[in-house]
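**Student:** Mapping of the sequence shown onto numbering that gives the first Met the number 0: residues 0 to 711, in sequence order.
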Amino acid sequence: MECPLPQTEQGPVLLVVDDRQENLFAMQAVLEVGNWRVITAASGERALQYLLDETVDLVLLDVQMPIMDGFEVARIMRSNLRTRFTPIIFVSAEAHSYESVLRGYATGAVDYLLKPVDPNILRHKVRSLLDHERNRRELLQATQQLELAKSFSDSLLDNAAEGILTVNEQGRVTFANAAIARMLRCSVSDLVHANFLDFLEGGSGLDDWQTSPFMEHYDRRETYRLHDARLRTNRGDSLPVALSCAPLPRMQRAMVIIALDMSRMRELQDQLESQAVTDALTGLLNRRGFNQTLEAALARSGRNGKRMAVLYIDLDGFKRINDSLGHEAGDRVLCIVAEQLKSCMRPYDILARMGGDEFTALLDSLEHPEDAARVAEKLLELLATVHRIDGMEVSLGASIGIASYPDCGHTVDGLLRSADIAMYEAKRGGRQQYRFFSPEMNGRARSRLMLEESVRNAIDNKDFVLAYQPQVYLRDGRLRGFEALLRWEHTVAGKVSPSVFIPLLEETRLINRIGDWIFREGATKLQSLQEIYGDELLLSINLSPVQFGMPQLTESLRQIIETHQLRPEQLEIEVTESALMHDIDYTRAQLSQLRALGVRIAVDDFGTGYSSLAYLRHFELDTLKIDQLFIANMLDSSRDAAIVSTILELGRNLDLEVIAEGVETLEQRDWLLEHGCEIMQGFLVSRPLSAELTGRFPQQVDWISRRPEPTL
Ligand code: C2E
Ligand code: CA
Ligand code: CA
0 MECPLPQTEQ GPVLLVVDDR QENLFAMQAV LEVGNWRVIT AASGERALQY LLDETVDLVL
60 LDVQMPIMDG FEVARIMRSN LRTRFTPIIF VSAEAHSYES VLRGYATGAV DYLLKPVDPN
120 ILRHKVRSLL DHERNRRELL QATQQLELAK SFSDSLLDNA AEGILTVNEQ GRVTFANAAI
180 ARMLRCSVSD LVHANFLDFL EGGSGLDDWQ TSPFMEHYDR RETYRLHDAR LRTNRGDSLP
240 VALSCAPLPR MQRAMVIIAL DMSRMRELQD QLESQAVTDA LTGLLNRRGF NQTLEAALAR
300 SGRNGKRMAV LYIDLDGFKR INDSLGHEAG DRVLCIVAEQ LKSCMRPYDI LARMGGDEFT
360 ALLDSLEHPE DAARVAEKLL ELLATVHRID GMEVSLGASI GIASYPDCGH TVDGLLRSAD
420 IAMYEAKRGG RQQYRFFSPE MNGRARSRLM LEESVRNAID NKDFVLAYQP QVYLRDGRLR
480 GFEALLRWEH TVAGKVSPSV FIPLLEETRL INRIGDWIFR EGATKLQSLQ EIYGDELLLS
540 INLSPVQFGM PQLTESLRQI IETHQLRPEQ LEIEVTESAL MHDIDYTRAQ LSQLRALGVR
600 IAVDDFGTGY SSLAYLRHFE LDTLKIDQLF IANMLDSSRD AAIVSTILEL GRNLDLEVIA
660 EGVETLEQRD WLLEHGCEIM QGFLVSRPLS AELTGRFPQQ VDWISRRPEP TL
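1. Is DSSP giving M580 helix, strand or coil here?
2. What does DSSP give as the partner residue(s) for N541 in the beta ladder?
3. Do you know how far the Cα of S150 is from the Cα of L30?
4. Taking DSSP as the reference, what is the three-state secondary structure of M214?
5. Apart from the five residues just before and just after M214, which ones in its own chain have a Cβ nearer than 7 Å to its Cβ?
6. If you draw a straight line from the C-alpha of R102 to the C-alpha of D61, how long is it?
7. Please state the DSSP three-state secondary structure of V491.
8. Taking the Cβ atom as the reference point for each residue, do Q569 and L537 lie within a distance shorter than 8 Å?
9. Report the residue ranges of all beta strand (DSSP E) runs contained in full by the region 53–132; include only those spanning at least 3 residues, in chain order.
10. Return yes when the C-beta of S543 is under 7 Å from any heavy atom of ligand 1, and no when it is not.
11. Keeping to the same chain, check which residues put their C-beta closer than 6 Å to that of P567; ignore five residues upstream and five downstream.
12. For P239 and Q169, what's the separation of their Cα atoms in angstroms?
13. Look at E660 and I630 and say whether their C-beta atoms are less than 8 Å apart.
14. Under 7 Å from any heavy atom of ligand 1, does the C-beta of P405 make it?
15. Contact check, D655 vs T622 under 8 Å by CB: the rounded distance?
16. Drop a sphere of 10 angstroms on the beta-carbon of E1, count the other beta-carbons inside from all chains shown, and report buried for 16 or more, exposed for fewer.
17. Leaving out the 5 sequence neighbours to the left and right, which residues in its chain are closer than 7 Å to L199 when beta-carbon positions are compared?
18. So is T85 buried or exposed if we call it buried at 16+ other beta carbons inside 10 Å?
19. What are the boundary residues of the beta strand (DSSP E) that includes N167?
20. Just checking Q589 against ligand 1 - is the residue's beta carbon closer than 7 Å to any of the ligand's heavy atoms?
21. Would you mind working out which of G390, Y423, M182, L147 sits nearest I163, comparing C-alpha positions?
22. At what residues does the beta strand (DSSP E) containing A601 begin and finish?
23. With which residues is V240 paired in a DSSP beta bridge?
24. Rank I75, D330, T210 by C-alpha distance to the C-alpha of E44 and give the top, closest one.
25. Touching or not, the region 535–554 and the region 514–521, by the rule of three or more beta carbon pairs under 8 Å?
26. May I ask whether a heavy atom of ligand 2 can be found less than 7 Å away from the beta carbon of D582?
27. Taking 7 Å as the cut-off, does the CB of D462 come closer than this to any heavy atom belonging to ligand 2?
28. Between the alpha carbons of P469 and L620, how many angstroms are there, rounded?
29. List the DSSP bridge partners of I399.
30. Which runs of the beta strand (DSSP E) at least 3 residues long sit entirely within the region 327–413? Give them in chain order.
31. Check the DSSP bridge columns for T622 and list the partner residues they point to.
32. Under a three-way DSSP split, which group does T7 fall into?
33. Which full runs of the alpha helix (DSSP H) of 4+ residues lie inside the region 464–522, going along the chain?
34. Does ligand 1 have even one heavy atom less than 7 Å from the beta-carbon of L484?
35. For a test of the three-state rule: what should DSSP assign to Q667, helix, strand or coil?
36. Closest to L280 by C-alpha separation, out of D330, R299, G235, L672, would be which residue?
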C-alpha cells in the first residue's frame with residue numbers, strides 16, 4: 000500500500016535524545032543502517048524544539064538528563080497535539096524500580112530499553128514501531144477523510160431543497176432528509192421506518208410494493224420518473240411533486256427517491272392557463288376560453304339533446320367613443336358593457352369578449368330557440384341606456400346575431416360563423432337589432448367574404464381609380480365642378496359598382512384606408528384642373544357614414560387643402576341624409592368644424608332618407624342634391640314631380656344650391672329649367688369621365704340652356 004505520510008525523501012525520522020555525546024554517537028552507529036534518518040538532540044529542550052518544527056516518527060529518549068529528564072519531555076510531548084501520539088522508547092542506563100518503569104509507561108512510553116542496548120533488538124523495535132506509527136497515521140488520515148466526506152454528504156442532504164428518501168426493498172423508508180420532512184410537514188423520525196406508499200396519493204391503489212412500478216424499475220436497475228405524482232402531507236393536504244427513483248448499489252438493497260416540490264410550478268401553470276382563457280380587461284372569457292367552453296358544451300349536449308344558442312354581440316358606436324374620448328374611456332365603457340351583459344345572463348350561461356367591441360354568449364339548455372330572442376331583446380334594451388363617461392353622455396347600441404344549436408351548426412366554428420353572419424345582417428338592417436341565422440344568409444356571407452378578400456387585394460394593388468362627372472349650371476351651361484366617383488376595375492369580374500363595394504368597405508372599416516387615398520387623389524386632380532378651368536372650379540367628394548363619423552375628418556381635410564394649395568370652398572363634401580341623422584349632436588359638432596374650415600357641405604340623395612325637413616334648419620349646409628330616382632320619375636309621376644319642385648322651393652327659401660342628379664334627357668332638363676333648377680348632373684351632360692378625359696370637358700356647354708323651339 001502506498002504510504003500517504005508526509006515524509007522526507009530519506010524516509011521516516013528518528014530522534015535520539017541523550018545528554019551524553021558518546022551515547023548519541025553510539026546510537027547513531029547502531030542505527031546507521033536502515034531506511035530512516037537519525038536526528039540527535041543533546042537535551043530535552045532541544046528535542047522539544049525540534050519536535051515543534053519537524054515531523055518525527057519515533058523518539059529514543061534518555062531517561063536521566065539534567066534540567067529536564069525524559070519523563071518530563073514525554074509529559075510535555077503528550078500534552079501537545081502535534082506529538083501526542085508520537086511513539087517514545089525510553090532508554091535508561093540503570094535498571095529501574097518497577098514503579099519508575101510504570102511511571103515511564105504512564106507518561107506515554109511505548110517501550111523501555113536498558114543500556115547497553117542490543118543493536119539487533121533496537122533495530123527490530125525501531126522498525127516495528129515505525130511500521131506501527133505509519134499504520135496509525137494512515138488510519139488517522141483515512142478516518143479524517145471519511146469524516147470529511149460524511150459531513151459533506153450530511154450537509155448536502157440537509158441543505159438540499161429537494162426531498163430525498165431512501166426506501167428499501169420492502170418499501171420502508173430508511174433515510175429521509177430535512178427537506179422531505181418539511182414538505183410533508185412532519186419530522187424525519189416520523190418518516191423513517193414508515194411505508195413509502197402510505198405517503199403517495201393513489202399509492203394505496205398499488206396494493207403490493209413488490210409489484211409496484213417502483214420495484215419493477217428497481218429490479219431492472221432503471222430510474223423511474225413520475226412527473227405528476229402527489230404526496231399526502233401529515234396534515235392531509237396533497238402536494239404535487241415530481242419523483243425520480245434510482246436504484247442504489249446492489250449491496251444497499253434500496254433505492255433513492257428524490258421529490259421535487261411542484262406546487263409553485265402548478266400555481267404558475269394554473270395562472271397561465273387562466274390567463275390564456277380570460278380577457279384581462281373585463282375578466283370575461285376570451286375567444287379561446289369561449290371556444291373551449293362551447294366545445295365542452297357541444298360534447299355534453301350531444302348526450303342530453305338540449306338546445307343551445309350562440310349570440311354574437313357587436314357594439315354600435317363604440318369606435319367613435321374610443322376615437323373621441325380615448326382608449327381609457329373606451330376600456331371603461333367595455334367594462335360597463337360586460338357588467339350589463341352579465342346581468343342579463345342566467346348563472347349557467349357563458350359570456351365572453353372576443354376582442355375589440357365584440358362579445359359572445361352561450362345560452363345553455365334552452366326550451367325553445369325563441370328564448371334566445373328574449374335575451375337578445377333584453378340585452379339591446381339595456382345597452383341602449385345612456386352612460387356618463389368623463390362628464391360626457393355616451394349611448395351605445397348593439398347588433399346581435401343568433402345561431403341556435405343544432406339547427407345552425409354542429410361545431411364551434413360553424414356556430415360562431417353563423418352567429419357572426421347573422422350579426423352582420425342585423426347591422427345591415429340598421430343596427431340595434433338582432434337576427435337569427437338563416438341558410439340564405441350563408442350564401443350572401445360567402446360571396447361577401449370573397450368580395451372582402453378581393454377588396455383588400457385591390458387596395459394593395461391600387462386597382463381603384465377615380466372618375467369625374469361634370470356638374471353644369473343650367474342657366475348658361477358653365478361648368479361648376481366635378482363629382483369624384485370611385486371606380487374599381489376587378490381583374491376577373493370587370494367593373495364593380497361602388498354601390499356594391501362601398502358598403503363592404505364600410506363594414507370592414509377599409510373605407511378609411513381608401514378614403515384618405517380618395518382625398519389625396521382628388522385634390523391632386525383638382526390642383527391640375529384649376530389651371531384649365533380657374534380656381535372657381537369645385538370638386539365634390541363623397542363621404543361614407545363611417546368617414547363622416549371620424550373625429551379627425553376636419554384635420555385630414557385641412558392637411559389636404561394645405562398640401563395642394565387649394566381654397567377650402569373648392570371642396571364640397573357629399574354626405575347622405577342617413578349619415579347626418581345617425582347622431583344629431585355629433586353631426587352638428589362635426590358640421591360646424593367643417594364649416595369653420597370653410598369646405599362646402601352637400602346633402603346627397605336628398606329626399607330618400609328621413610324626409611324630415613326639420614333638421615335642415617339645425618344644420619349649416621350649402622347644397623342639396625336631389626336624388627336621381629325623383630328625376631327619373633318626375634315626368635311620369637306627379638308625386639315625384641311635386642317632391643322635386645318642393646325641394647327646389649326649399650333651396651330657394653333656405654338659400655341653398657340645388658343640384659338635380661341623374662338627368663338623362665332633354666325633357667328632364669326642360670322641366671328643371673322651367674322649375675328654376677340651377678345645376679344639373681347626369682348622363683345628358685356627361686357620363687363620369689376618366690381622369691385623362693376630364694380636362695377636355697368644355698368650360699361652357701353651349702347647348703345646355705337652349706330651350707326647345709316653341710311648337711307652333
Ligand atoms: P351618388 O353619390 O349618388 O353618385 C351618383 C351615381 O349616379 C354615380 O354612380 C353616377 O355614375 C350615377 N349617375 C350619374 N349620372 C347618372 C345618370 O344620368 N343616370 C344614372 N342612371 N346614373 C347616373 P356610381 O358611380 O355607380 O356611384 C354609386 C354610389 O356609390 C354613389 O352615389 C355614392 O353613393 C357611392 N360612391 C361613389 N364614389 C364614392 C366615393 O368616392 N366615396 C364614397 N363614400 N361613396 C362613393
Ligand atoms: Ca354623390
Ligand atoms: Ca346621389
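Glycine included, C-beta positions come from ideal geometry on N, C-alpha and C.
Model, not experiment: these values are computed from the prediction.
**Tutor:** Taking the geometry as given:
1. As a first step, residue 580 is located in the sequence shown; it is residue number 581 there, counting from the start. In this structure, M580 counts as helix in the three-state DSSP scheme.
2. Here residue 541 corresponds to residue number 542 of the sequence shown, with the count starting at 1. Partner(s): E573.
3. Within the sequence shown, residue 30 is the residue found at index 31, counting from 1. Within the sequence shown, residue 150 is the residue found at index 151, counting from 1. Taking the straight line from one Cα to the other gives about 44 Å.
4. Position 215 of the sequence shown holds residue 214. Note: M214 maps to helix in three-state DSSP.
5. Position 215 of the sequence shown, counted from the first residue, corresponds to residue 214. Excluding sequence neighbours, M214 sits near W208.
6. To locate residue 102, count along the sequence shown from 1; it is residue 103. To locate residue 61, count along the sequence shown from 1; it is residue 62. Computed Cα separation, rounded: 14 Å.
7. As a first step, residue 491 is located in the sequence shown; it is residue number 492 there, counting from the start. It is coil, neither helix nor strand.
8. By one-based count along the sequence shown, residue 569 stands at place 570. By one-based count along the sequence shown, residue 537 stands at place 538. Yes, these two residues count as a Cβ contact at 8 Å.
9. 57–61, 87–91, 110–113
10. Within the sequence shown, numbered from 1, the residue matching residue 543 stands at position 544. Indeed, a heavy atom of ligand 1 lies less than 7 Å from the Cβ.
11. Position 568 of the sequence shown, counted from the first residue, corresponds to residue 567. Closer than 6 Å at Cβ, skipping near neighbours: I560, L596, G597, V598.
12. Along the sequence shown, one-based indexing puts residue 239 at 240. Along the sequence shown, one-based indexing puts residue 169 at 170. The alpha-carbon atoms of P239 and Q169 are separated by roughly 25 Å.
13. By one-based count along the sequence shown, residue 660 stands at place 661. By one-based count along the sequence shown, residue 630 stands at place 631. Contact flag set, yes.
14. Residue 405 sits at position 406 when you count from the first residue of the sequence shown. No; taking the cut-off as 7 Å, the Cβ of P405 has no heavy atom of ligand 1 nearer than that.
15. Along the sequence shown, read from residue 1 onward, the residue named residue 655 stands at position 656. Along the sequence shown, read from residue 1 onward, the residue named residue 622 stands at position 623. The sequence shown places Leu at residue 655, rather than the Asp named in the question. Rounded, the Cβ-Cβ distance is 6 Å, consistent with contact.
16. One-based indexing of the sequence shown puts residue 1 at position 2. In this prediction, E1 has a pLDDT of 35, which is less than 50 and means its spatial position is unreliable; what the coordinates show is noted afterwards. The residue is exposed, with fewer than 16 neighbouring Cβ atoms inside 10 Å.
17. Within the sequence shown, numbered from 1, the residue matching residue 199 stands at position 200. Excluding sequence neighbours, L199 sits near A228, L230.
18. Here residue 85 refers to the residue found at position 86 of the sequence shown. Label assigned to T85: buried.
19. Position 168 of the sequence shown, counted from the first residue, corresponds to residue 167. Segment 162–167, the beta strand (DSSP E) holding N167.
20. On the sequence shown, residue 589 is found 590 positions in, with the first residue counted as 1. No, the beta carbon of Q589 sits no closer than 7 Å to any heavy atom of ligand 1.
21. If you number the sequence shown from 1, residue 163 lands on position 164. Residue M182 is the option with its Cα nearest to I163.
22. Here residue 601 corresponds to residue number 602 of the sequence shown, with the count starting at 1. That run of the beta strand (DSSP E) goes 599–605.
23. As a position in the sequence shown, residue 240 is number 241, starting the count at 1. BP columns for V240 point to A228, D260.
24. Position 45 of the sequence shown, counted from the first residue, corresponds to residue 44. Of the listed residues, the one whose Cα sits closest to E44 is I75.
25. yes
26. Within the sequence shown, numbered from 1, the residue matching residue 582 stands at position 583. The answer is no for D582.
27. Walking along the sequence shown from the start, residue 462 turns up at place 463. For ligand 2, not one heavy atom lies less than 7 Å from the Cβ of D462.
28. Position 470 of the sequence shown, counting from 1, holds the residue named residue 469. Position 621 of the sequence shown, counting from 1, holds the residue named residue 620. About 21 Å.
29. Along the sequence shown, one-based indexing puts residue 399 at 400. DSSP output for I399 lists I312, Y433 as bridge partner(s).
30. 349–354, 357–365, 385–388, 391–394, 396–404
31. Start at 1 with the first residue of the sequence shown, and residue 622 comes out as number 623. T622 is bridged to A601, E656.
32. By one-based count along the sequence shown, residue 7 stands at place 8. In this prediction, T7 scores a pLDDT of 46, lower than 50, which makes its location untrustworthy; no coordinate-derived value is stated.
33. 497–506
34. In the sequence shown, residue 484 corresponds to position 485, counting from 1. Yes - ligand 1 has a heavy atom lying nearer than 7 Å to the Cβ of L484.
35. Translated into the one-based positions of the sequence shown, residue 667 becomes position 668. The answer is helix: DSSP assigns Q667 an H, G or I state.
36. Along the sequence shown, read from residue 1 onward, the residue named residue 280 stands at position 281. The residue with the shortest Cα to Cα distance from L280 is D330.
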